[in-house]
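**Student:** All letters in the sequence shown, in the order written, are residues 283 to 555 by our numbering. In this text, a Cβ means the ideal position worked out from N, Cα and C, and glycines have one as well. This structure is a prediction, so every number in the text was calculated from the model and none was measured. Can you keep this structure in mind? I'll have questions shortly.
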Amino acid sequence: MTERPKRGVPEGLWVRCPSCTNTIFKKEVELRLNVCPEPGCQHHFYTSARDRIAQLLDEGSFEEWDTDLRPVDPLGFVDRIPYHQRLVEEQAKTGMPDAAVTGKGFIRGRDVVLGITDFAFMAGSMGSVVGERLTRAVERATELRLPLIFVSGSGGGARMQEGILSLMQMAKVSAALARYHAAGGLYVSVLTNPTMGGVAASWALQGDLTLAEPKAMIGFAGARTIKNTIRLELPEGFQTSEFLLKHGFVDRIVHRKDLRTEVARIIDYCSVG
Ligand SMILES: [Zn+2]
């Protein structure tokens, strides 16, 4: 059996970093949680939801929820290919039923609810299953009175193939988060490259604390769309973690290797006592 190729990290022994353009030993990148080893670069490569769980949670502590939820094609939507066919292909490619993984686990011994969207599945776009899984995760975090950690890797925003049903997920997750907030829950949102569209416009930017990986692309519409709409020159790098930190949308930029410790620290800081 051959190993499934990872998106963003080409197959083979060597990989070319898109930031510093150096050719680097792939193993070196993987050993550093898919981060470029060049000291001045530290480009954060794509990381799958599965790898992310291993990076963030205590080993073997993840208990996955709602694995039986499967996407359907309520509109019979056809773009380049029919949506139902696209779903089958994406499922075969990623081994995931849809773009989100949710469940419960431990971060350095601290009980948390974790949700992740994976860019490899239809650019991490939010359809009904993604919205439903995230909503149920928020609701269980509310019931169980646990901290909630969502990691977004969504370039597609709402999933157009599910039309209005997709858009409704923004309101549904947001409403659940509002109830969680009212109940006194702690929600830490971790923005990774990319976090765009309806995901950025809903749960990804509703955290009590918003962390971001370095140089992640974060925004709503793409730069060209905005430029064509408002007909103004846009500031350099305005859709990056660094720009958003400067302008108050992001609370802290955290290197991937420090994420686990940082989240644990935040949970302790916010715990009553
Ligand atoms: Zn690099």
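Would you tell me roughly how many angstroms separate the C-alpha atoms of THR305 and PHE327, rounded to the nearest one?
**Tutor:** 14 Å
**Student:** Tell me whether the segment 378-393 and the segment 340-350 touch, counting them as touching only if at least three CB pairs, one residue from each stretch, are closer than 8 Å.
**Tutor:** yes
**Student:** So which of ALA453, LYS509, ASP533 and LEU338 has the shortest CA-CA distance to GLY397?
**Tutor:** LEU338
**Student:** Use the C-beta contact count for CYS552: other C-beta atoms within 10 angstroms, 16 or more gives buried, fewer gives exposed.
**Tutor:** exposed
**Student:** Looking at ligand 1, does it come within less than 7 Å of ASN304, judged from the CB to the closest heavy atom?
**Tutor:** yes
**Student:** Report the CB separation of GLU414 from LEU351 in whole angstroms; it is logged as a contact under 8 Å.
**Tutor:** For GLU414 against LEU351, the beta-carbon gap comes to about 6 Å, under 8 Å, which counts as contact.
**Student:** What does DSSP give as the partner residues of GLU346 in its beta bridges?
**Tutor:** In DSSP, GLU346 forms a bridge with GLY385.
**Student:** If you follow the beta strand (DSSP E) that ALA267 is part of, which residue opens it and which one closes it?
**Tutor:** Residue 267 lies beyond the stretch modelled for the chain, which goes from 283 to 555, so this question has no answer here.
**Student:** Tell me, which residues are paired with ILE512 by DSSP?
**Tutor:** Its beta-bridge partners do not exist; DSSP assigns none.
**Student:** State the beta-bridge partners of PHE401 as determined by DSSP.
**Tutor:** None; PHE401 has no bridge partner.
**Student:** Kindly indicate the opening and closing residues of the alpha helix (DSSP H) around ILE500.
**Tutor:** Premise fails: ILE500 is in no alpha helix (DSSP H) and is neither H nor E.
**Student:** Give me the DSSP bridge partner(s) of LEU430.
**Tutor:** VAL395 and TYR469
**Student:** Could you pull out every unbroken beta strand (DSSP E) segment of at least 3 residues lying fully inside the segment 304-367, listed in chain order?
**Tutor:** 305-307
**Student:** Whose CA, out of ALA464, PHE307 and GLY479, lies closest to the CA of SER436?
**Tutor:** It is GLY479 whose Cα lies nearest to the Cα of SER436.
**Student:** Can we count GLU320 as close to ligand 1, meaning its CB is less than 7 Å from some heavy atom?
**Tutor:** yes
**Student:** So, at 8 Å on beta carbons, what are the nonlocal neighbours of ARG392 in its own chain, with the 5 sequence-adjacent residues on each side left out?
**Tutor:** PRO429, ALA546, ILE549 and ASP550
**Student:** Per DSSP, which residues does ARG298 bridge with? Please list them.
**Tutor:** THR305
**Student:** How is ARG506 classed by DSSP in three states: helix, strand or coil?
**Tutor:** Residue state, collapsed to three classes: helix.
**Student:** Look up MET478 in the DSSP assignment and say whether it is helix, strand or coil.
**Tutor:** coil
**Student:** DSSP three-state call for SER436: helix, strand or coil?
**Tutor:** strand
**Student:** Among the residues of its own chain, which have a CB less than 6 Å from the CB of ALA464, if the five just before and after it don't count?
**Tutor:** none
**Student:** Between the alpha carbons of THR507 and VAL481, how many angstroms are there, rounded?
**Tutor:** 17 Å
**Student:** Return helix, strand or coil for MET378, following the three-state DSSP convention.
**Tutor:** coil
**Student:** With contact counted as at least three CB pairs below 8 Å, one residue from each stretch, are the segment 398-418 and the segment 441-457 in contact?
**Tutor:** In this structure the segment 398-418 lies against the segment 441-457, because at least three pairs of beta carbons, one per stretch, are closer than 8 Å.
**Student:** For ligand 1, is there any heavy atom lying closer than 7 Å to the beta carbon of HIS325?
**Tutor:** yes
**Student:** Measuring alpha carbon to alpha carbon, tell me which residue in ARG422, ALA483, GLY466 and THR417 is nearest GLY438.
**Tutor:** GLY438 has its Cα closest to that of ALA483, out of ARG422, ALA483, GLY466 and THR417.
**Student:** On the three-state DSSP scale, how would you describe ARG542?
**Tutor:** helix
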